[in-house]
Amino acid sequence: MDFTAKMLRDDALKGKTIVVTGGGSGLGKAMTKYFLELGANVVITSRDLEKLKTTASELENVTKGNCLAVQCDVRHYEQVENLLSETLKTFGKVDVLLNNAAGNFISPTERLSANAFDTIIDIVLKGSKNCTLAFGKHWIKEKQTNCNVLNIVTTYAWTGSGYVVPSATAKAGVLAMTRSLAVEWAKYGIRMNAIAPGPFPTKGAWDRLLPGDLAEKFDMSKKVPLRRVGDHQELANLAAYLVSDFSAYINGEVITIDGGEWLQGAGQFNLLEKIPQEMWDMLEQMIKNKGSK
Ligand code: HXC
Ligand code: NAP
Numbered sequence: 045m046d047f048t049a050k051m052l053r054d055d056a057l058k059g060k061t062i063v064v065t066g067g068g069s070g071l072g073k074a075m076t077k078y079f080l081e082l083g084a085n086v087v088i089t090s091r092d093l094e095k096l097k098t099t100a101s102e103l104e105n106v107t108k109g110n111c112l113a114v115q116c117d118v119r120h121y122e123q124v125e126n127l128l129s130e131t132l133k134t135f136g137k138v139d140v141l142l143n144n145a146a147g148n149f150i151s152p153t154e155r156l157s158a159n160a161f162d163t164i165i166d167i168v169l170k171g172s173k174n175c176t177l178a179f180g181k182h183w184i185k186e187k188q189t190n191c192n193v194l195n196i197v198t199t200y201a202w203t204g205s206g207y208v209v210p211s212a213t214a215k216a217g218v219l220a221m222t223r224s225l226a227v228e229w230a231k232y233g234i235r236m237n238a239i240a241p242g243p244f245p246t247k248g249a250w251d252r253l254l255p256g257d258l259a260e261k262f263d264m265s266k267k268v269p270l271r272r273v274g275d276h277q278e279l280a281n282l283a284a285y286l287v288s289d290f291s292a293y294i295n296g297e298v299i300t301i302d303g304g305e306w307l308q309g310a311g312q313f314n315l316l317e318k319i320p321q322e323m324w325d326m327l328e329q330m331i332k333n334k335g336s337k
């Protein structure tokens, strides 16, 4: 067994209906595939209906599960309400919301127009808010318990990061919403959790964050203490666990899956990694020679 193996038992999500925003591509697609394999009904949603339909039929063929494609721009609350009603029409109920849709690109912040900044905030923060509010209102009104929301954030939600400032600002808001509602909505039987992935190569992210030859110039695996990028199945394993009943006592948590990447950047002396092993004897001697003076 290795880290790309599937983790949960076959029927771990049987009977659950899960809505995955941005489920037509990248990490959303990988998580959707695994949820279907574990027996869930999955609704995938984004702006591009053709892409969604292609993904849904591809995943239904491989997994033999039920995957519904519904067009929805998460920036618009009425489209989110339509997503909810289409889900209920097809599957009768919904148990899990996975806020995975995002927009992002690198840019010096002073180059951004007001609309460029708004666009990212609207997709990431307002979109996650729209979905969470619509689904939460529904669960509370119907007195449906054992529901949960999983938000995909980033490690710069708490460290911040230059050159992706709208995304960092929005993801920080999503994390605050996760923790706030974990407390407020627990009484209704709604759990809220988040995952903060490190680098997991996808076309959507790499085209916008490492365009041209930047992917070679800034090899992301070199920033990770484990010296590799993430595998999509590793993330899918964690997401499946967090939306399943096995994690029933986990609420308000953000789980980082980044091979130690953000801590490497944070620790003040982590740069000493560059010192060759053979130099340590000499350095130790130099320090000890100082004695107690
Ligand atoms: C400066 C830019 C820009 C750029 C767009 N804009 N790209 N400004 N530099 N590179 C500006 C436009 O000029 C416009 O402002 C405004 O942003 C909106 O652009 P539109 O193209 O009209 O928006 P829209 O069609 O809604 O597309 C949204 C998008 C696009 C975010 C710009 O990239 C998209 O659809 N992205 C979805 C997928 C995605 O981003 N995936 C990556 C997630 S990765 P003006 O003023 O001209 O009107 C991620 C990973 C994080 O989050 C961590 C990784 C390790
Ligand atoms: P991706 O394939 O580009 O996924 C983003 C998805 O969001 C797309 O399917 C896109 O579909 C959808 N989307 C964008 N705007 C939308 C809108 N207004 N309404 C509805 N859907 C919209 O990139 P990814 O790498 O898989 O990213 C998935 C998630 O992981 C994001 O939350 C991202 O921030 C997070 N993440 C990724 C990494 C990484 O290394 N890949 C690291 C940390 C966090 P349409 O274009 O069809 O609308």
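Per the numbering used here, the very first residue in the sequence shown carries number 45; after that it's consecutive.
A virtual CB, placed ideally from N, CA and C, is assigned to each residue, including glycine.
Cβ of residue i within 7 Å of any chain C Cβ
{"i": "Gly-206", "result": "Absent here is chain C; the protein component of the structure consists of one chain."}
Collapsed DSSP secondary structure at residue i in the structure displayed
{"i": "Arg-252", "result": "helix"}
{"i": "Ile-196", "result": "strand"}
{"i": "Thr-48", "result": "coil"}
{"i": "Ala-74", "result": "helix"}
{"i": "Ala-292", "result": "coil"}
{"i": "Leu-57", "result": "coil"}
{"i": "Val-298", "result": "strand"}
{"i": "Leu-112", "result": "strand"}
{"i": "Ala-240", "result": "strand"}
{"i": "Ser-90", "result": "strand"}
{"i": "Ile-167", "result": "helix"}
{"i": "Arg-155", "result": "helix"}
Per-residue burial, residue i [other beta carbons within 10 Å of its own, 16 or more giving buried]
{"i": "Gln-321", "result": "exposed"}
{"i": "Ala-226", "result": "buried"}
{"i": "Ile-167", "result": "buried"}
{"i": "Gln-277", "result": "buried"}
{"i": "Thr-134", "result": "exposed"}
{"i": "Thr-203", "result": "exposed"}
Closer than 6 Å: residue i CB and nearest ligand 3 heavy atom
{"i": "Ser-205", "result": "In the structure shown, ligand 3 is absent; the only ligands present are ligand 1 and ligand 2."}
For residue j and residue i, believed in contact at Cβ under 8 Å, the rounded distance
{"i": "Ala-56", "j": "Leu-82", "result": "5 Å"}
{"i": "Ser-90", "j": "Thr-65", "result": "7 Å"}
Could you give the uninterrupted runs of the beta strand (DSSP E) lying entirely in the region 125 to 153, keeping only those of 3 residues or more?
Segments of the beta strand (DSSP E) lying fully in the region 125 to 153: 140 to 143.
Just checking, does the region 247 to 260 make contact with the region 213 to 230 on the three C-beta pairs under 8 Å criterion?
Taking one beta carbon from each stretch, the region 247 to 260 and the region 213 to 230 have fewer than 3 pairs nearer than 8 Å; the two do not touch.
Contact between the region 62 to 80 and the region 95 to 104: three or more CB pairs below 8 Å?
They touch, by the three-pair rule.
Report the residue ranges of all beta strand (DSSP E) runs contained in full by the region 176 to 230; include only those spanning at least 3 residues, in chain order.
Runs of the beta strand (DSSP E) spanning 3 or more residues and lying entirely within the region 176 to 230 occur at 191 to 196, in chain order.
Counting pairs of Cβ atoms below 8 Å between the region 269 to 279 and the region 228 to 237, do you hit three or more?
The region 269 to 279 makes no contact with the region 228 to 237, as fewer than three CB pairs between them are under 8 Å.
Does the region 157 to 165 come within contact of the region 200 to 213, defined as at least 3 CB pairs closer than 8 Å?
In the pairwise beta carbon analysis, the region 157 to 165 is classified as touching the region 200 to 213: at least three pairs are separated by under 8 Å.
Touch test, the region 174 to 184 against the region 287 to 295, Cβ-Cβ under 8 Å, three pairs minimum:
Touching, no.
Can at least three beta-carbon pairs, one atom from the region 141 to 157 and one from the region 183 to 199, be found at a separation below 8 Å?
These segments touch.
Would you check if there are 3 or more beta carbon pairs closer than 8 Å linking the region 250 to 266 to the region 46 to 66?
At 8 Å Cβ cutoff, the stretches do not touch.
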